[in-house]
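Shown next, in structure tokens, is the structure this report addresses.
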Amino acid sequence: RMDRGADGSILLTSPGDAMFSLIGRFDAGLNALWANEYIGLQTRTVKGLPDGSVLAAGDSVLLKLTPAGTVDWAKSILVGNGAITDMAVRPDGHVLLLGWTTDVDTYSWIVHVDAAGAP
5 RMDRGADGSI
15 LLTSPGDAMF
25 SLIGRFDAGL
35 NALWANEYIG
45 LQTRTVKGLP
55 DGSVLAAGDS
65 VLLKLTPAGT
75 VDWAKSILVG
85 NGAITDMAVR
95 PDGHVLLLGW
105 TTDVDTYSWI
115 VHVDAAGAP
């Protein structure tokens, strides 16, 4: 997945099918400004925020990274046997997470969290 940072940089994350995730910020020439690997984490979506920070989400986690790429906070989002597949950031910083689960049948869901990742 890909998004643009507030500064025009390119934000990328690897697909969620691997046993690790790569999240990075690149300039217009695709030179890495930073890139981090997270073992055991499967991210599926990434969003740039107005302050330059980055949100990344995947199977059961929502990460907020600083503009320099260090982890600001990480929140567990219990989705059962499923994943977070996309997200939207509201102007007030609250986040809508979209995903699916197959705990009983296959269902889609939407979860609202505030700017600090709390439900």
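Each residue of the sequence shown is one higher than the one before, counting from 5 in the numbering used here.
We put the beta carbon where it would ideally sit given N, CA and C, even for glycine.
Ordered list of beta strand (DSSP E) runs contained in the segment 10-83, each at least 3 residues: The segment 10-83 contains, as complete beta strand (DSSP E) runs of 3+ residues, the segments 14-17, 24-30, 36-43, 47-52, 58-62, 65-69, 75-80 (chain order).
Per DSSP, the bridge partner or partners of glycine 103: Ile88, Trp113
Pairwise C-alpha distance: alanine 119 and alanine 72: 19 Å
Residues that valine 93 bridges to, as DSSP identifies them: Val99
Closest by C-alpha distance to proline 19, when choosing among Pro54, Gly62, Asp109: Gly62
C-alpha distance - aspartate 31 paired with leucine 37, whole-angstrom precision: 7 Å
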